[in-house]
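See below for the structure under consideration.
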Amino acid sequence: MRLKKTVSLALAALVASAGIAYDCGPGVMRVSASLDSQKNDLEDQREQIDKELEELDKQLEETQNNIEEQEAYQQTLSQQISLNLDKKNVLEQQLSDLNAQMEESQAQLTQIQEDITATEGEIQDTSDKYKERMRAMYMTSDMSTLELLFQADSFSDFLTNLEMMKAISQHDTALLETLRGQVDTLEAEQQEAEQVQEDISAKQSQISAQKQELDATNSQLQAAYAESETATQNLEKERENFEANKEQRLKEAEEIDSEINDLLAQIAEENRRREEELKKQQEQNGSSSSGGSSSSGGTGIVTEAGFLWPLPGFSNINSAYGWRFNNTDFHTGLDIGGSGVYGADIVAAKSGVVSSPMTHWSYGNNVVINHGDGYVTLYAHCSQLLVSPGETVSQGQVIAKVGATGNVTGPHLHFEVYYNGVRQNPANFIQY
1 MRLKKTVSLA LAALVASAGI AYDCGPGVMR VSASLDSQKN DLEDQREQID
51 KELEELDKQL EETQNNIEEQ EAYQQTLSQQ ISLNLDKKNV LEQQLSDLNA
101 QMEESQAQLT QIQEDITATE GEIQDTSDKY KERMRAMYMT SDMSTLELLF
151 QADSFSDFLT NLEMMKAISQ HDTALLETLR GQVDTLEAEQ QEAEQVQEDI
201 SAKQSQISAQ KQELDATNSQ LQAAYAESET ATQNLEKERE NFEANKEQRL
251 KEAEEIDSEI NDLLAQIAEE NRRREEELKK QQEQNGSSSS GGSSSSGGTG
301 IVTEAGFLWP LPGFSNINSA YGWRFNNTDF HTGLDIGGSG VYGADIVAAK
351 SGVVSSPMTH WSYGNNVVIN HGDGYVTLYA HCSQLLVSPG ETVSQGQVIA
401 KVGATGNVTG PHLHFEVYYN GVRQNPANFI QY
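Per UniProt numbering: the sequence shown = residues 1 to 432.
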């Protein structure tokens, strides 16, 4: 929770009335300046906590943004890893199909090689038999045709023997040529099968390389994911530390509020005692609590509550008491101004004792008067202060000059009224 600046300012104004020494005559206690010191310390602490809380809110917002960025990054990494795994599954299926094709091709190649071996064996056997017959024919090559004729029982047998010898020779030759042709065909099929295996092997190598690349990429992605998870965990711890720190600062702010409330209770009690003391002093001096004539002849109407208009000659209300700017800012007093207001006289709305005049970053130069009857008034943004701490002032006495010090956009008087430490609407106490 961010502490509002207006709350801090209000507390500063309430406490201001208590931190000054009173000098109301013989026998009257002089209030220690420790309350003023306490007030200043509390204001400084509260302002420092406000700054720290604002910085913590920024750090928390930045940390949350970083966590969301890491989570989005992790989601992207997860999607990429999942996509790569899908691609790898497709490659593994393709590799499985290629392995099956390789096995089938290997079986075909083995069968072809077996057929070639068998055919070559058959060629060798036929060739051996052919060679034996040719050798036998060579051994009998000196036999004349006439001898074959005489050995034959008939001329028909003679012709039959000749044709037989030719047929045997032609058959062997044709058989060998056929077998050699089969071998040529089988060898061509073998080359084709070997080429198929080379193609399959090349595809297998390519797919295996793609798988390795995907594995390497996923390893990098998983490492990045783990690193991002670690970063997220660190950010979560950092956020927890910020939240714990913020909670501690809020607790300290509540403690300061409690101290301020205790201080305000002391102020209220002191006001009550001072009221009695001031009445006694006024009786001794022959003056009344409702005020007397102004040393500067201030003008205006004294209300039933006994208050006088604090800025004679100027009645323009620049900003009233209450919420403004679409209920985004609570205005704690009454702003009075007008043309030529700079340097105009500011008068005491009622008789009382001046608290420490001080300078505040927002109120600028300001005067606080304790009227001794539970009432306190504040006059802010002054260009010049004309009273001193502990000084007793009369109603209508000039106490300061209008200025534009502090947090303002132009010269005017910011006027506030408190009763027993509680801020009131000034319009209920003054009338021009």
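C-beta: ideal position from N, C-alpha, C; glycine also. Since we're looking at a predicted model, the values are computed, not measured.
Starting from residue i, trace the beta strand (DSSP E) in both directions and tell me its first and last residue.
i    : result
Y379 : 375-385
M325 : The identity of residue 325 in the sequence shown is Phe, whereas the question assumes Met. Run containing F325: none; DSSP gives neither H nor E here.
G364 : 364-370
E416 : 413-419
R347 : Contrary to the premise, residue 347 reads as Val rather than Arg in this sequence. Where V347 is concerned, the enclosing beta strand (DSSP E) stretches over 345-347.
T359 : 358-360
Classify residue i: buried if its beta carbon has 16 or more other beta carbons within 10 angstroms, exposed otherwise.
i    : result
R324 : exposed
A380 : buried
W361 : exposed
A33  : Annotation note: pLDDT 44 at A33 (below 50); position unreliable, coordinate value reported separately. Exposed, since its Cβ has fewer than 16 Cβ neighbours within 10 Å.
N327 : exposed
G421 : buried
S356 : buried
S105 : buried
L413 : buried
H171 : exposed
D44  : exposed
K131 : exposed
A344 : buried
R46  : buried
N365 : buried
T377 : buried
Would residue i count as contacting chain C if we go by Cβ distances under 8 Å?
i    : result
V353 : No chain C is present in this structure, which holds just one protein chain.
So, with DSSP's three-state summary, where would you put residue i?
i    : result
G352 : strand
R423 : strand
T405 : coil
S295 : Residue confidence is low: S295 scores 34 on pLDDT, short of 50, so the model does not pin down where it sits. Its coordinate-derived value is still stated next. Correct three-state label for S295: coil.
F429 : coil
V341 : coil
F307 : coil
V302 : coil
A320 : coil
F242 : helix
T126 : helix
T392 : strand
Report the rounded CA-to-CA distance for residue i versus residue j, giving the unit in angstroms.
i    : j    : result
L186 : Q206 : 30 Å
Q431 : D329 : 25 Å
N316 : G338 : 6 Å
T405 : E71  : 50 Å
V354 : V368 : 6 Å
Q93  : D86  : 11 Å
D41  : A349 : 29 Å
Q82  : S208 : The sequence shown places Ser at residue 82, rather than the Gln named in the question. Approximately 19 Å between the Cα atoms of the pair.
I200 : L95  : 9 Å
A226 : N84  : 17 Å
E68  : E254 : 32 Å
K129 : E120 : 14 Å
T232 : N261 : 43 Å
S394 : H331 : 28 Å
Going by beta carbon distance, what residues of the same chain come within less than 7 Å of residue i, once the five residues before and after it are set aside?
i    : result
Q210 : L91
A224 : L77
P426 : Y321, G333, L334, F415, E416, V417
V7   : Any reading at V7 needs caution, since the residue's pLDDT is 37, under 50, leaving its predicted position unreliable; the model's value is listed next. There are no such residues.
Y419 : G374, Y375
Q195 : none
Beta-carbon within less than 6 Å of residue i's beta-carbon, same chain only, minus the 5 sequence neighbours each way: which residues are those?
i    : result
D222 : The amino acid at residue 222 is misidentified as Asp; the sequence shows Gln. Result list for Q222: empty, nothing under 6 Å.
N66  : L235
N428 : none
H371 : K350, G352
Which residues in the same chain have their Cβ closer than 8 Å to the Cβ of residue i, if we skip the five residues on either side of it in sequence?
i    : result
T63  : L235, E238, R239, F242
K246 : L53, L56, D57, L60
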